[in-house]
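Here the structure comes first, spelled out in structure tokens, and everything after it is commentary.
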Amino acid sequence: MSRRPTKPHMNLVVIGHVDHGKSTLVGHMLLLLGAIDPKTAKEVEEAAKKAGKESEKFAWFLDKLKEERERGLTIALSFMKFETPRYYWTIIDAPGHRDFVKNMITGTSQADAALLVVSAKTGEFEAGMSPEGQTREHAILARTMGIENLVVAVTKMDITEPPWSEARYKQVVDTLKKFLRTLGYRVDEIPFVPVSGWLGDNILKRSPNMPWYKGPTLVDALDTAREPPKPIDKPLRIPVQEVYSISGVGTVPVGRVETGRLRVGDKVVFMPPAVVGEVRSIEMHHEPLDEALPGDNIGFNVRGVPKEQVRRGDVVGHLTNPPTVVEEFTARIFVMWHPTAIHVGYTPVIHAHTASVAARIVEIIGRLD
17 MSRRPTKPHM NLVVIGHVDH GKSTLVGHML LLLGAIDPKT AKEVEEAAKK AGKESEKFAW
77 FLDKLKEERE RGLTIALSFM KFETPRYYWT IIDAPGHRDF VKNMITGTSQ ADAALLVVSA
137 KTGEFEAGMS PEGQTREHAI LARTMGIENL VVAVTKMDIT EPPWSEARYK QVVDTLKKFL
197 RTLGYRVDEI PFVPVSGWLG DNILKRSPNM PWYKGPTLVD ALDTAREPPK PIDKPLRIPV
257 QEVYSISGVG TVPVGRVETG RLRVGDKVVF MPPAVVGEVR SIEMHHEPLD EALPGDNIGF
317 NVRGVPKEQV RRGDVVGHLT NPPTVVEEFT ARIFVMWHPT AIHVGYTPVI HAHTASVAAR
377 IVEIIGRLD
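Counting in the numbering used here, the sequence shown runs from 17 upward without gaps.
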């Protein structure tokens, strides 16, 4: 029996500089919204306490990988669901550390909206806004990848100097507005919500600690996002995010439907390997679906496709209208920062949807600035 959510489905990527409190904020929000059952919450809290990392307990809801817990960083992409009054959300918690930026790009490519988490703590905000800071880089990447819906959470308001400082909040917001304006964002339409991820202020309920703030809570701000159009009439395209082999089931690719619709029984082809299979079942967050639509993050079981023949970056389409494969293209490149020079023969890594592919520049046609 198919159980499609009754509310519109949106994908939210959480971005920002390392240690700005992204996972803590999101973990606490999920707990307050009832997206994490009390038993799991208690188990995670006890595990964090036992490991001497009680201050990271909320982040542990998302940072499930053991390596992430030991390092205190988000490395992979975590997917969880939650509901607000208006939307059914899939949350993509992307890594903030520079070493894992390619995973962040993959997450952002799948998002309809972005939550930019920015610490107001002295020194941390400035580090994120430095030339190599991830606050700047993530905001630029989100804009480059076409994300129009942006919400900014100004975190760690409980440890500003003094705590809950309106002056510090205004300083952070003014700096961010100037920067985001240069990227083409309409800053007057962006909510800047002062929050404490640790204490929960302004996440779900208004904070008595910041009576000077008159705007929406974080959850209300997320509901101001505009639902993007769903291109159902276009050919089916699903970039593969991961591929699993599940005992008793078979090969299960995971990805986000970008265009078209996928139904149980469809004949599909994975490109570029040109592997063909038949869709046996579709699930979203462990709920079965008869069909998947644009924006859905799904896992689907395919008959006749060995796991070894499919990988991240492949694109799924119908056999009657397969994805095209190119070996060469012309691009307009925006250079944010580069240590040396870009020249003919230079070999960058191209990130397109979930794919990361080495390429080579064969011709520079001209400079625009």
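Even for Gly, the Cβ is constructed at its ideal location relative to N, Cα and C. Here the structure is a predicted model, which means the values were calculated and not measured.
Check the DSSP bridge columns for residue i and list the partner residues they point to.
i	result
residue 165	129
residue 337	334
residue 286	291, 332
residue 219	Note: residue 219 sits in no beta bridge, so no partner.
residue 358	Beta-bridge pairing links residue 358 to no other residue.
residue 39	Beta-bridge pairing links residue 39 to no other residue.
residue 271	256, 314
residue 416	Residue 416 lies beyond the stretch modelled for the chain, which goes from 17 to 385, so this question has no answer here.
residue 297	317
residue 366	373
residue 23	Partner(s): none; residue 23 has no beta bridge.
residue 105	26, 98
residue 261	267
residue 195	Paired residue(s): none; residue 195 is not in a bridge.
residue 31	132
residue 209	169
With a threshold of 16 other CB atoms inside 10 Å of the CB of residue i, please say whether the residue is buried or exposed.
i	result
residue 103	buried
residue 281	exposed
residue 128	buried
residue 337	exposed
residue 29	buried
residue 256	buried
residue 25	buried
residue 403	The requested residue 403 does not occur in the structure, where the chain is confined to residues 17 to 385.
residue 17	Low confidence applies to residue 17: its pLDDT is 46, below 50, so where it sits in the model is not reliable, and the reading given next is rough at best. Result: exposed.
residue 386	Residue 386 lies beyond the stretch modelled for the chain, which goes from 17 to 385, so this question has no answer here.
residue 82	Interpretation of residue 82 is limited by its pLDDT of 40, a score under 50 that renders its predicted location unreliable; the figure taken from the coordinates is listed afterwards. Residue 82 should be labelled exposed.
residue 330	buried
residue 31	buried
residue 201	buried
residue 53	exposed
residue 90	With a pLDDT of only 38 at residue 90, under 50, the local geometry of the prediction cannot be trusted, and no value is derived from it.
residue 373	exposed
residue 204	exposed
residue 285	buried
residue 181	buried
residue 359	exposed
residue 341	exposed
residue 315	buried
residue 216	buried
residue 344	exposed
residue 33	buried
residue 354	exposed
What whole-angstrom Cβ distance do residue i and residue j have, given they're in contact under 8 Å?
i	j	result
residue 2	residue 158	Residue 2 is absent from the structure shown; the chain starts at 17 and stops at 385.
residue 407	residue 313	Summary: the structure shown does not reach residue 407, with the chain confined to residues 17 through 385, and so no result is reported for it.
residue 306	residue 327	With 8 Å as the limit, residue 306 and residue 327 do not qualify as a contact, their Cβ atoms being about 27 Å apart.
residue 283	residue 294	6 Å
residue 133	residue 36	5 Å
residue 265	residue 317	5 Å
residue 199	residue 156	6 Å
residue 49	residue 220	7 Å
residue 100	residue 235	5 Å
residue 289	residue 297	Between residue 297 and residue 289 the Cβ distance is about 22 Å, and since that is not below 8 Å, they are no contact.
residue 375	residue 364	6 Å
residue 176	residue 230	Not really, about 19 Å apart at Cβ, beyond 8 Å.
Please decide whether residue i counts as near chain C, where near means a Cβ-Cβ distance under 7 Å.
i	result
residue 32	Absence of chain C from the displayed structure is noted, only one protein chain being present.
Taking 6 Å as the cut-off, does the CB of residue i come closer than this to any heavy atom belonging to the ligand FAD?
i	result
residue 177	As far as ligands go, the structure on display features none, and thus does not contain the ligand FAD.
Discussion item. Does the structure place the stretch 207-215 close enough to the stretch 258-277 that three or more beta carbon pairs sit under 8 Å?
Written reply: no
Fill in: Stretch pair the stretch 184-197 + the stretch 240-257: three plus CB contacts closer than 8 Å
no
Worksheet item: Does the count of Cβ pairs from the stretch 190-200 and the stretch 220-236 closer than 8 Å reach three?
Response: Not touching, per the Cβ criterion.
Worksheet entry | Entirely enclosed beta strand (DSSP E) segments - the stretch 131-192, minimum 3 residues | 165-171
Discussion item. Across the stretch 236-250 and the stretch 157-175, are there enough close Cβ pairs to call them in contact, namely three or more that are closer than 8 Å?
Written reply: yes
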